[in-house]
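Reviewing the structure listed below.
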Amino acid sequence: MGEQKVTILSDEKQRQQFVKSLLADVEALQYMLDHDWFESDVTRIGAEQEMVLVDHKTFKPATIAMDALELMKDYPWVETELAKFNLEINLTPHLFEGNCLRKLEDETLEKIGTIEEYVQKLGAHVILTGILPTMRRFDLSMENLTPKKRYYALMEAINNQLIGSSYELQIEGIDELKLKHDSPLLEAVNTSFQVHLQVAPKDFVKMYNLSQVLVAPVMAMGANSPIVFGRRLWHESRIAMFQQALDTRASHKHMRQRSPRVNFGQDWLHDSILEIYKEDIARFRVLLSADIEEDAQMLIREKKVPKLRSLQVHNSTVYRWNRPCYGISESGKPHLRIENRVIPSGPTVLDEMANAAFWLGSMVGLASEVEDIRKYLSFDDVRDNFLKAAQFGIDSKFNWFDDRKVSAVELVRDKLLPIARKGLELQKVDQQDIDRYLEVIAQRAERHTNGARWALRTYSKLKKQTTKDEALSVLTCATIEKQSNNEPVHTWTEPELLDLKDYRPGSLKVSEFMSTDLITVQKDDLIQLVAEMMDWRKIRYTPVEDIKGKLVGLVTSRKLLRHFLKKEMAPDDAAEVVSEIMIENPITASPDITIKEAMEIMRAKRIGCLPVVEDGELIGIITEMDFLRISGRLIERMISD
């Protein structure tokens, strides 16, 4: 959303006018390419840093971005992002040479440090993470949308394109996530470190295709987004989350193929950057308009460089993982860039810069060895590699030259790291910086670890010891502490529960705390079956639901005990099916109440279980054992203090 003054299209006339301006921009770009207007004798790099703000006590999202920006109004380099708990830094472009990488790292650290000082005054911390582990579904409600006109316009425009009744997420990893969501704000779950490489127009096709090839190994080594809503999913879950969050398509009986606005692409680039812009205009309807005052064609006739506002607005609503970018340099000449959007935020600034150096060096190094990557790999294999890297990260196995199947670690260690080193040397990057950043990648390969593997190991261990929420809180707290030292993730040790000194679960909502892996029965099931199931599973309460998942009753161990006592005394009168002994219309809880409120209900009603219901549908359950676990953990913390 680089173009600030955008609006929702109010009528077809406005759409048509904007499309005319868009087509004029395409013609202007074609003219500038044909007549060699572009800057071609210099290469620059740049980056954008996205981050999440979290409460310093709960480690949940802190919706304070607008307050923080008010405190930092003298710093133009920090900007809003889609949600109130996100901020973004625009970093200074540098010539791709010398100590450019170290300059980017130092600037990023300095600016994050400045933001941290201000947000601490508001009771928050900055965290660099592809997806915040403690993010909750309700954090992504529209009330947390950053209150700016362009964001409201974007959300409304995407909603207007929705074919079905809701957005649907379905991702499988170690766990599974399958849910519906009512707004595209789900996109805000993702944060990234977006790296830009300036490319000469004559090299754009070659370099863009190389970038398509290289994003898979870069993402595999740098994956850092494995946990979403407490579920262990893809190693880089941002890829699936971003696509599905903005996916307005719906399933049909037919097999018509529609492209999502977040996509990897359909084919190699063959002729010029214009292929991408033309395809995106052809495939995706215009979502937004803008107050376009420039006449690109007139400026071209006057030998002036147009800003191509319409083209940039449309480009900002199509989310390619390698995005083409047009800009105007300080020299007044236009330039082209490739924006790599696959690199996640975090785990540290050093890790991010290592990812950037690996991609940038590999781009230049591979370009020096391979004239046309299309002769060595099929596009289908390249897209397959991209999806594998997102799912399996450093554990991936890729399709490579000569139809070889090679592990991500082997490919990076034996092939790409030497190529990346060569590329950085060709750019005359300082040798100590080449060693510094590529050694991080080499050590990840040697130790077979990255941010995703560290987070998965940590969370899986902690989850066996405590509640999901406490495990996620410990993971998030540890990440913040370790980031502050800027030590790369391959050196991190796994935290322990007591490393989080002050855990406060009282304000948790029931939806964050309840058990969702439920054993249920139906009214006409045999009581004997229910008794056996409860014994097998060592549970004291079993919800009764209908075939649509609506709660209709509750079977308790006390009810079963009474049933079997009665059966001993009067065998012929004994009940046979669940409906005869279940509690009808049991007391339930809403997922939106706090666990403190749930405890008060259970204490006042003298019950040991609360089924959690939303619109009549059973979605979870909490029992006295859940509260006993929390109480036990709090007592342990008190003793340790």
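Take 195 as the starting number for the sequence shown in the working numbering and just add one per residue. Beta carbons are placed, not taken as given, at the ideal position from N, Cα and C, and that holds for glycine. All figures in this text were calculated on a predicted structure; none of them were measured in a lab.
Excluding five sequence neighbours on each side, which residues of the same chain lie with their C-beta closer than 8 Å to the C-beta of residue i?
i      : result
Asn338 : Pro255, Thr257, Ala277, Lys278, Phe279, Leu379, Ala382
Arg479 : Gln355
Lys703 : Arg330, Phe332, Pro785, Asp786, Ile787, Thr788, Ile789
Lys742 : Glu811
Leu227 : Pro395, Ser466, Ile467, Leu468
Thr714 : Thr736, Pro737, Val738, Glu739, Leu812
Leu334 : Ala277, His375, Ser377, Leu379, Leu380, Ala382, Val383
Give the DSSP bridge partners of residue i, in chain order.
i      : result
Ser510 : DSSP lists no partner for Ser510.
Met245 : Leu281
Tyr361 : His375
Leu216 : In the DSSP output, where bridge partners are listed per residue, Leu216 has none listed.
Ser288 : Just to set this straight, residue 288 is His in the shown sequence, not Ser. DSSP lists Ile239 as partners of His288.
Leu408 : None, per the DSSP bridge assignment.
Ile202 : Leu482
Trp594 : Arg598
Glu770 : DSSP, once it has assigned bridges, lists no residue as partnering Glu770.
Gln388 : Glu242
Whole angstroms are fine: how far does the CA of residue j sit from the CA of residue i?
i      : j      : result
Val746 : Asp740 : 7 Å
Glu370 : Asn644 : 22 Å
Lys214 : His390 : 29 Å
Gly555 : Lys790 : 54 Å
Arg731 : Glu275 : 46 Å
Glu304 : Asn679 : 13 Å
His429 : Leu322 : 16 Å
Val749 : Arg734 : 8 Å
Arg450 : Gln438 : Any reading at Arg450 is ruled out, since the residue's pLDDT is 49, under 50, leaving its predicted position unreliable.
Arg837 : Leu632 : The structure shown has nothing for residue 837, since the chain only spans 195 to 835.
Ala548 : Met728 : 52 Å
Ile824 : Pro699 : 8 Å
Asp441 : Glu273 : 26 Å
Val600 : Leu611 : 15 Å
Met764 : Ala725 : It is Ala, not Met, that sits at residue 764 in the sequence shown. Using only the alpha carbons, I get a separation of about 19 Å.
Thr252 : Asp608 : 44 Å
Leu650 : Leu217 : 47 Å
Between residue i and residue j, is the Cβ-Cβ spacing less than 8 Å?
i      : j      : result
Glu244 : Glu282 : yes
Thr308 : Leu285 : no
Ala222 : Ile494 : yes
Thr201 : Ser483 : yes
Gly140 : Asp249 : Past the edges of the chain, shown from 195 to 835, lies residue 140, and the structure says nothing about it.
Asp219 : Ala490 : yes
Trp648 : Val606 : no
Val399 : His464 : yes
Val470 : Arg426 : Checking the sequence shown, residue 470 turns out to be Ile, not Val. Taking 8 Å as the Cβ cut-off, Ile470 and Arg426 do not qualify as a contacting pair.
Leu669 : Thr652 : yes
Trp231 : Lys527 : yes
Ala550 : Ala414 : no
Val409 : Asp545 : no
Glu563 : Ile613 : yes
Ile816 : Ser709 : yes
Asp397 : Phe573 : no
Nearest to residue i by alpha carbon, out of the options?
i      : options                        : result
Lys372 : Leu755, Met435, Ile635, Phe387 : Met435
Val236 : Val724, His229, Leu530         : Leu530
Ile721 : Lys676, Glu675, Ile733, Val771 : Val771
Leu712 : Glu688, Ala769, Glu811, Asp624 : Glu811
Ser360 : Lys374, Gly367, Ile352         : Lys374
Lys662 : Tyr697, Ala639, Asp441, Lys527 : Tyr697
Lys472 : Asn549, Gln506, Leu691, Thr328 : Gln506
Pro341 : Ala550, Leu481, Asp261         : Asp261
Glu487 : Gln211, Met336, Glu818         : Gln211
Lys744 : Pro689, Ala725, Pro780, Leu692 : Pro780
Met796 : Glu818, Ile777, Asp461, Glu778 : Glu818
Leu295 : Leu618, Gly358, Ser773, Val412 : Leu618
Val313 : Val558, Ala259, Glu233, Tyr269 : Ala259
Val246 : Pro541, Ser234, Phe707         : Pro541
Gln224 : Pro454, Val499, Ala347         : Val499
Using C-beta distances below 7 Å, list every residue in its chain close to residue i, excluding the 5 sequence neighbours before and after it, in chain order.
i      : result
Gln406 : Gly459, Asn516, Val576
Ser204 : none
Arg238 : Pro287, His288, Leu289, Phe290, Gln392
Asp142 : In the structure as shown, the chain begins at 195 and stops at 835. Residue 142 is therefore absent and cannot be evaluated.
Lys297 : His288
Using 8 Å as the limit for Cβ to Cβ distance, is residue i near chain D?
i      : result
Ile309 : Of the chains in the structure shown, none is chain D; there is only one protein chain.
For residue i, I'd like the list of residues in its chain whose CB is within less than 6 Å of its CB, leaving aside the five on either flank, ordered along the chain.
i      : result
Ala783 : Val704, Ala792, Leu804, Val806
Ala417 : His429, Glu430, Gly587, Asn644, Ala646
Asp474 : Val512
Pro689 : Val668, Ala672
Check whether the Cβ of residue i lies closer than 7 Å to any heavy atom of the ligand MG, and answer yes or no.
i      : result
Asp268 : Within the structure as shown, the ligand MG is missing, as the structure has no ligands at all.
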